[in-house]
Structures are given as C-alpha cells and as structure tokens.
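First up is the structure itself, then whatever we jot down about it.
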Amino acid sequence: DTEVTQTPKHLVMGMTNKKSLKCEQHMGHRAMYWYKQKAKKPPELMFVYSYEKLSINESVPSRFSPECPNSSLLNLHLHALQPEDSALYLCASSQDGDRGAYGYTFGSGTRLTVV
Amino acid sequence: GNSVTQMEGPVTLSEEAFLTINCTYTATGYPSLFWYVQYPGEGLQLLLKATKADDKGSNKGFEATYRKETTSFHLEKGSVQVSDSAVYFCALRGSNFGNEKLTFGTGTRLTIIP
Numbered sequence: 029d030t031e032v033t034q035t036p037k038h039l040v041m042g043m044t045n046k047k048s049l050k051c052e053q054h055m056g057h058r059a060m061y062w063y064k065q066k067a068k069k070p071p072e073l074m075f076v077y078s079y080e081k082l083s084i085n086e087s088v089p090s091r092f093s094p095e096c097p098n099s100s101l102l103n104l105h106l107h108a109l110q111p112e113d114s115a116l117y118l119c120a121s122s123q124d125g126d127r128g129a130y131g132y133t134f135g136s137g138t139r140l141t142v143v
Numbered sequence: 087g088n089s090v091t092q093m094e095g096p097v098t099l100s101e102e103a104f105l106t107i108n109c110t111y112t113a114t115g116y117p118s119l120f121w122y123v124q125y126p127g128e129g130l131q132l133l134l135k136a137t138k139a140d141d142k143g144s145n146k147g148f149e150a151t152y153r154k155e156t157t158s159f160h161l162e163k164g165s166v167q168v169s170d171s172a173v174y175f176c177a178l179r180g181s182n183f184g185n186e187k188l189t190f191g192t193g194t195r196l197t198i199i200p
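As given, the protein sequences belong to chains A and B, one line each in that order.
Residues in the first sequence are numbered from 29 upward in steps of one, following this note's numbering.
Residues in the second sequence are numbered from 87 upward in steps of one, following this note's numbering.
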C-alpha cells in the first residue's frame, strides 16, 4: 500500500457545524502533515506530527484541531469555521520522521466549502 | 530561511514541444530537491527528486538536475503531451535540524494544446 487516503473527498459545512477530516496511511511513515491549499496557490503547512506527537503548529487558529490517534491515522477536527477557510485540505506522510531526504506522499485532498 | 523561486506561469505549449520550467532555491547546507505535479482536482504527486549535487532525477520523460553551483533544479521534457497539462511545484527539504520542512515554490501552470 503506497497511498495516503483522505475522507471525505468533498465537504460542505455551516459556520456552526463540527466536522472532521480523516487521513490514513499504511506505509509505516512516522511523520504526517496537514496542509491547506487555496486556489492557484502552493500548499501551506498547518501541522506536523512526528511519531504521533505534534511537533509543528504553524500558528493555526484554534478552530482547527489536529489529532493523531495512532501512527496510521490523522484527523483534523473543524469547528466554527469561516467562509475564508474554504480550501483543499491535503494530508501527507513521509519516511524518516520529519527529517531527512524523503519527499512527502500526498493524499488527494478534501475539498471543503464553508457556507 | 529556505525558499524556492519558480518561473511565472502560465505556460502554454503545443504538443511535442520542448519544456523547461525554471526553479532556483536558497538554502543552507545540502537540501533535497523535488518536483511535484498536481492535476486538476487532485492532490500532489511526487514527479522526481534529487538528494545531492549533480544527481539527475527522472520520471515519465521529465528530468531535472541538481546544480549546486547555480542553486537550480530546472524541470525539462523533450516532447510534451496534452496529458502533461497540470500545475508543477518545485520544492526543497532542508538538511539542517529544524529546517526539514518541505518548502514549495509558487507553482507553474502548464497547458499543452493539441
């Protein structure tokens, strides 16, 4: 298995809703990442988990809450989002923790629309 | 900090044309360099990589050579196809502790016309 699987592929939520994005990989990668990508822009790093511990939070608002229940799973809990949070949310994983010469393997993303 | 500069797009070429997308970087130490491709509505796919100076990464007819003297990693393909239409991102990972995040360029949108 050489994939990162993200669910759901599309999500529409209201500003008062609570929802979660899920990410799963079975490659034995010990680092996992959440990125946000707006249209026609490169991905922006949000969070990094290394060996199931949060190692980087790029000053993301608290309405985004990451969780890493085990080495294969990564969740992003969403609450009270704003319309400007609408974007493609990408999950990625990498070998060798969060250091080293390896590239990241990306999932296909969740297209989030906040109404 | 690390940074990546890509040529501005969009780039439009005819099928079978030669492609070059320029990429230069700024980093301390010995970063690893990558090209990612993003097809419409999809996530990013690793296209090729190089981890040390003078390495050539190649995949699907695309090539890029890690040039430390010019801090460049230009993407080339000898004959593009319509199916190559996508956004291409140059990226690097630093080698120093605390500097290992993947840093992206702004992306170059490529359109190939039949």
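Cβ coordinates follow ideal geometry from the N, Cα and C atoms, glycine included.
- By the Cβ neighbour-count rule, residue 75 of chain A is buried, with 16 or more other Cβ atoms within 10 Å of its own.
- The beta carbon of residue 188 of chain B is closer than 8 Å to those of 120, 177, 178 and 179 in its chain, skipping five residues each way along the sequence.
- Taking C-alpha positions only, residue 99 of chain B is separated from residue 164 of chain B by approximately 12 Å.
- Bounds of the beta strand (DSSP E) holding residue 138 of chain A are 138-142.
- Contact check between the segment 130-145 of chain B and the segment 88-99 of chain B: fewer than three CB pairs, one atom from each, fall below 8 Å, which does not count as touching.
- Secondary structure note for residue 93 of chain A: its beta strand (DSSP E) is the uninterrupted segment 92-98.
- In the DSSP annotation of this structure, the continuous segment of the beta strand (DSSP E) that includes residue 197 of chain B starts and ends at 194-199.
- Setting aside the 5 residues that flank it on each side, residue 86 of chain A is surrounded in the same chain by 72, 73, 74 and 75, each with a C-beta closer than 8 Å to its C-beta; the list follows chain order.
- Residues of chain A whose Cβ lies closer than 9 Å to the Cβ of residue 99 of chain B do not exist; the shortest such Cβ separation is about 19 Å.
- Residue range 46-53 is occupied by the beta strand (DSSP E) that includes residue 53 of chain A.
- Look at residue 181 of chain B here: in three-state DSSP terms it is coil, with no helix or strand label.
- When DSSP states are grouped into helix, strand and coil, residue 128 of chain B belongs to the coil group.
- In this structure residue 104 of chain B is exposed. Its beta-carbon is surrounded by fewer than 16 other beta-carbon atoms within 10 angstroms.
- About 5 Å separates the CB atoms of residue 141 of chain A and residue 114 of chain A; that is less than 8 Å, so the two are in contact.
- Look at residue 123 of chain B here: in three-state DSSP terms it is strand.
- Residue 137 of chain B belongs to the set of residues whose beta carbon lies under 8 Å from a beta carbon in chain A.
- Residue 194 of chain B and residue 156 of chain B have their C-alpha atoms spaced approximately 20 Å apart.
- The beta carbon of residue 135 of chain A sits closer than 8 Å to some beta carbon of chain B.
- Under the three-state reduction of DSSP output, residue 166 of chain B falls in the coil class, being neither helix nor strand.
- Identification of chain A residues near residue 163 of chain B by a Cβ-Cβ cut-off of 7 Å yields none; the smallest Cβ-Cβ distance measures about 19 Å.
- A residue is called buried once 16 or more other Cβ atoms fall within 10 Å of its Cβ, and residue 37 of chain A, having fewer, is exposed.
- When the beta-carbon positions are compared, residue 43 of chain A and residue 104 of chain A stay at least 8 Å from each other.
- Residue 120 of chain A has its alpha-carbon roughly 15 Å from the corresponding atom of residue 186 of chain B.
- Judged by DSSP in its simplified three-state form, residue 94 of chain B adopts coil rather than helix or strand.
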